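Residue numbering for the sequence shown follows my numbering, starting at 51 and increasing by one per position.
For every residue, glycine included, the Cβ atom is placed at its ideal position computed from N, Cα and C.
Owing to the predicted nature of the structure, the values given are computational and were not obtained by experimental measurement.
I have placed the structure first, in the form of structure tokens, so that the comments after it can refer back to it.
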Amino acid sequence: MVRAAAVLALGSLLPATAGNATQAARSGDLFIANIQSNTVGRFDGATGAFVGVFVPAAVGLKAPTGLAFGPDGMLYVASSGTHQIFRFDGTTGAPRGEAVDSGSVRQPFSIVFGPNGDLYVSSGAEHRVVRYAGATGGVAGVAAEGHGLRTPIGLAFGADGLLYVANAGGGSVLRFEPASGRFVGEFARDSLRFPSDLTFGPDGRLYVSSAFNSAIVRFDAHSGAFVDVLARLPDGGVPVGVVMTPAGLVVGDFRRSRLFRLDRAGAELHLLSAEGLAGPENIAVRP
51 MVRAAAVLAL GSLLPATAGN ATQAARSGDL FIANIQSNTV GRFDGATGAF VGVFVPAAVG
111 LKAPTGLAFG PDGMLYVASS GTHQIFRFDG TTGAPRGEAV DSGSVRQPFS IVFGPNGDLY
171 VSSGAEHRVV RYAGATGGVA GVAAEGHGLR TPIGLAFGAD GLLYVANAGG GSVLRFEPAS
231 GRFVGEFARD SLRFPSDLTF GPDGRLYVSS AFNSAIVRFD AHSGAFVDVL ARLPDGGVPV
291 GVVMTPAGLV VGDFRRSRLF RLDRAGAELH LLSAEGLAGP ENIAVRP
């Protein structure tokens, strides 16, 4: 199953609208990859309000999915439709060329930087995670493959130094030793249907977006034990990208193009924005 096609089929998308993006990006701002409009939008980190288009479609992005800030302060964006990873100035959004060789990864979905600065990219077409030597280096190895890994999407590093992979096609979260690609085991599965992204919280929990049942699911970050279904997006929303911020968990609704935040207690789901979104895929916070 190809993830982009599977998720796109779930509902109509809202067009991204123009905003005022003339002000330089600030620490804490949210950046969201819009797969439908081929753009990256910027949102106020405190209020969630749409600020403007940070990376326009004109730069060559096609079906952007994953994005992450690198150790160099650049914004890295996976262009799944062109099988490329692009770099952009993390303050102005100005294009800075490709990060890795074109065609070295097929249908890149999510990207994350490891503790040593290596770049990890999940490949939907090849059902694996590729490791690159640094931000602009060549392929250094395969960080995750096999053991039931199908359509890997979200990536995160745990406190144990292991790579956690949202195994969307397999309905689980898997762990791998990132340098060697050694399979450590299945970490979580309960209540997951097409898990698309994951992030660790300061409360010792792992938060996973479960796209096909509109859920945000929590697990113990140490044992993988199921904690609860923290929330479900209203109106059949499809949670994809998730990121932890000082104010709480921010969740993008792919199907209805909305941005939500769960407060620290997880008791309330707040609508932050329904503007500037067109199939939000992934969320990054500017350091």
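- Following the DSSP letters along the chain, one finds residue 289 inside the beta strand (DSSP E) bounded by residues 289-295.
- According to DSSP, residue 334 shares a beta bridge with 81.
- Within the model, the alpha-carbon separation for residue 248 versus residue 91 is close to 20 Å.
- Straight through space, the alpha carbons of residue 196 and residue 299 are spaced by roughly 31 Å.
- Per DSSP, the beta bridge partners of residue 278 are 268.
- Inter-residue distance for residue 321 and residue 284 is about 10 Å (C-alpha atoms, whole angstroms).
- Around the CB of residue 166, fewer than 16 other CB atoms lie within 10 Å, so the residue is classed as exposed.
- Membership of residue 89 in the beta strand (DSSP E) is indicated by the continuous run 89-93.
- Judged by pairs of C-beta atoms under 8 Å, the stretch 230-249 touches the stretch 274-281, as three or more such pairs exist.
- Distances from the CA of residue 135 to each of 172, 164, 121 and 101 were compared; the closest alpha carbon is that of 172.
- Between the C-alpha atoms of residue 145 and residue 222 there is a straight-line separation of about 35 Å.
- Of the residues 291, 124, 191 and 258, the one whose Cα lies closest to the Cα of residue 178 is 191.
- Residues 241, 265 and 267 of the same chain have their beta carbon placed closer than 6 Å to that of residue 279, with the five preceding and five following residues left out of the count.
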